[in-house]
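Sequence order for the protein chains is A and B.
Residues 1 to 251 (the numbering used here) make up the first sequence, in order.
Residues 252 to 502 (the numbering used here) make up the second sequence, in order.
What follows is a set of notes on a single structure, which appears directly below.
There are 2 protein chains.
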Amino acid sequence: MKTDSISTETDDKKATKDVRGPGRRLHGAIAHKLGTEILSGKYQPGDILSGEVAFAEELKVSRSAYREAIQVLTAKGLVASRPKAGTRVMPRDRWNLLDPDVLGWAFTGDPDVEFVRSLFELRAIVEPAAARLAAQRRDRDDLKTMKAALADMRRHTLTTEAGRAADRDFHNAILQATRNDALMVLSASIGAAVNWTTQFKQRSRALPRNPMPDHVLVYDAIAAGDGEAAAAAMNVLVELALDDTRSAMEE
Amino acid sequence: MKTDSISTETDDKKATKDVRGPGRRLHGAIAHKLGTEILSGKYQPGDILSGEVAFAEELKVSRSAYREAIQVLTAKGLVASRPKAGTRVMPRDRWNLLDPDVLGWAFTGDPDVEFVRSLFELRAIVEPAAARLAAQRRDRDDLKTMKAALADMRRHTLTTEAGRAADRDFHNAILQATRNDALMVLSASIGAAVNWTTQFKQRSRALPRNPMPDHVLVYDAIAAGDGEAAAAAMNVLVELALDDTRSAMEE
DNA sequence: TCTCCCTATTTACTCCGACATATTACGGGC
DNA sequence: GCCCGTAATATGTCGGAGTAAATAGGGAGA
């Protein structure tokens, strides 16, 4: 994707390079910038983002764009603004940490090890339970989807993007089989964040071992309808992933 | 933690016919209106919210207000808009169902029984695990907070608002003791939604039984550091709540 | 003189409407 | 059937009027 050049060449005096990083829209880019700055701790809870006009001028954007960015952050619980008191950063426990965007912002730059630990812990709670439910409720179609994903995983290894996509498909199929919407969206969010971490795991070193047999174990248990076995096998899987990520992060 | 409640109510004494029902700001009210309409199924995924200007005119608000409302909905994954193609409602699996606002919108009007079930199921997975972790990691202060909440619960019964607040405090203290941020925010979201349901449980009928002994069991197990017992006791608690809500919803 | 309350000012967000721009879907021309 | 021009529509920008709220100042009572 090419980041197209600046739109307004009428005014060349802005030496500041264009803010639009990963966001496609202008306010999206601003929200991304401010969001990462808040998540990284540059702005602490209770801090004040002084001045709509001042900030808009500093970023060389119009007040409207800045305002819409603030709306996005407000919607995610990161900030709140009141007529006279300016825009304050909310305390951490009001943040919407499971929001995919917030999760993404939390993982740009330095990933807070403590938070990563809590995420994996949550995953270790949820995913085995999901596997247990899936074993009880899966139908033939679910199994077929899982099997296909498994085949894809075997064909492309986990070092390729296609292989990781197949891994995601496998887990998604399990979630689908739980017939639980809340579980699905939660695991999807966590999974996306975890995938973010696996990216620099893969960047730092090749995958140490082949996780395929463990995946097959999960599938077999689900196919057999054995909830406890499925939960146990999935537990092994997430512990494995945790080990890998932990060793990758300790460098 | 003294949850200072920011003024959520606006005096509607002015007889202006504007849309702001439960809303704080104008765009907040619009987001609320559109959000509930999407959640209730009035707008199906794939539907198009035709025309920025047309919509703004129909609602008797300016384009800015409508635009900012759309930003909020976009931030929560409910809609996405592209030039020329209008603003489309996203498929359900892109929705941010754990967002507190979205959760609230889902419970205005008719609560989808299937979704409520999935929420309680998730709660039945997460809360016992949280109790287990709390039993392993709690310190003296955590126990003191739980004990105080328990005392408050005994003083005011669960039929009063103060009593329900004490119940929330008790659960929050447990979450706090897990030392897991992700777990905390997740359970907080779910708890808020569940509390919404308990409101019409309480509205439809008085609470059938006194849940205090079960709460004490959870506390004792956590105080003793027995993770398994804590998980089991908490499991009893959520099953009880599920039964109550189920019977209340079947009327 | 000190304290408290009430009022006024200032400040910053909120909302508005119009203008300019860019991107995309649609349809006509080859 | 493919390509390209046009029209439609969302996006970004701007400045101003309106409004709510925090702070400062003044007046009254002790």
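Backbone N, C-alpha and C fix where the C-beta goes; we use that ideal spot for every residue, glycine too.
- Interface residue (Cβ-Cβ distance to chain B less than 8 angstroms): serine 118/A is classified as such.
- Residue state for serine 438/B is assigned as helix, using DSSP reduced to three classes.
- When the Cα atoms are used, glutamate 121/A and valine 185/A turn out to be separated by approximately 17 angstroms.
- The stretch 284–295 of chain B makes contact with the stretch 338–353 of chain B; the number of CB pairs closer than 8 angstroms reaches 3 or more.
- Burial is judged here by how many other beta carbons sit within 10 angstroms of a residue's own beta carbon; proline 213/A has fewer than 16 and is exposed.
- Spatial neighbours of leucine 242/A in its own chain (CB-CB distance under 6 angstroms, excluding positions within 5 residues in sequence) are listed in chain order as Phe120.
- For glutamate 378/B, no chain A residue has a Cβ inside 7 angstroms of its Cβ, as the nearest lies near 10 angstroms away.
- Residue contact check for lysine 76/A against chain B: a CB pair falls below 8 angstroms.
- Listed by position along chain B, the residues whose Cβ is nearer than 9 angstroms to that of histidine 32/A form an empty set, because the closest Cβ is around 12 angstroms away.
- Under the 8 angstroms Cβ criterion, the stretch 134–145 of chain A does not count as touching the stretch 382–392 of chain B, having fewer than three qualifying pairs.
- Secondary structure within the stretch 401–438 of chain B: not one fully enclosed beta strand (DSSP E) run of 3 or more consecutive residues is present.
- Residues of the stretch 303–316 of chain B that bring their beta carbon within less than 9 angstroms of a beta carbon in chain A comprise Ser315, in sequence order.
- It is roughly 19 angstroms from the alpha-carbon of lysine 335/B to the alpha-carbon of leucine 324/B.
- Annotation for tyrosine 317/B: His278, Ile281, Glu303, Phe306, Ala307, Leu310 place their beta carbon closer than 8 angstroms to its own, counting only its chain and skipping 5 residues before and after.
- Note on valine 330/B: 16 or more other CB atoms within 10 angstroms of its CB, so buried under the neighbour-count rule.
- Any Cβ of chain A closer than 8 angstroms to the Cβ of asparagine 347/B would place that residue at the interface, and such an atom is present.
- Chain B has a Cβ within less than 8 angstroms of the Cβ of asparagine 180/A.
- The beta carbon of phenylalanine 366/B sits closer than 7 angstroms to those of Ala357, all from its chain and outside the five residues before and after it, given in chain order.
- Among the CB atoms of chain A, none fall inside 8 angstroms of the CB of glutamine 295/B.
- The continuous beta strand (DSSP E) containing glycine 86/A extends over residues 86–89.
- Secondary structure note for valine 330/B: its beta strand (DSSP E) is the uninterrupted segment 330–333.
- Look at the stretch 295–335 of chain B and you find these whole runs of alpha helix (DSSP H), each 4 residues long or longer: 303–309, 314–326.
- Between alanine 188/A and alanine 173/A, the C-beta spacing is not below 8 angstroms.
- Taking 8 angstroms as the threshold, the shortest C-beta distance from aspartate 93/A to chain B falls below it.
- CA-to-CA, the gap between proline 379/B and arginine 155/A works out to about 39 angstroms.
- Taken atom to atom, the span from the alpha-carbon of leucine 426/B to that of glycine 478/B is near 14 angstroms.
- Within the same chain, Leu217, Val218, Ala221 come within 6 angstroms of alanine 233/A by CB-CB distance, once the 5 residues on both sides are set aside.
- At the C-beta level, alanine 482/B and arginine 374/B stay beyond 8 angstroms of one another.
- The straight-line gap separating the alpha-carbon atoms of aspartate 495/B and asparagine 486/B is approximately 14 angstroms.
- In the same chain as serine 50/A, and ignoring 5 residues on each side of it, the C-beta atoms closer than 7 angstroms to its own belong to Gly86, in chain order.
- Chain B places a beta carbon closer than 8 angstroms to that of glutamine 71/A, counting this residue as a contact.
- Straight-line measurement puts the Cα of threonine 410/B at about 12 angstroms from the Cα of proline 462/B.
- At a cut-off of 8 angstroms between C-beta atoms, arginine 419/B does not count as an interface residue with respect to chain A.
- From the listed residues Met249/A, Met90/A, Ile125/A, the smallest Cα separation to isoleucine 48/A is found for Met90/A.
- Closest in C-alpha terms to asparagine 446/B, from the list Gly414/B, Arg430/B, Ala428/B, Thr429/B, comes Gly414/B.
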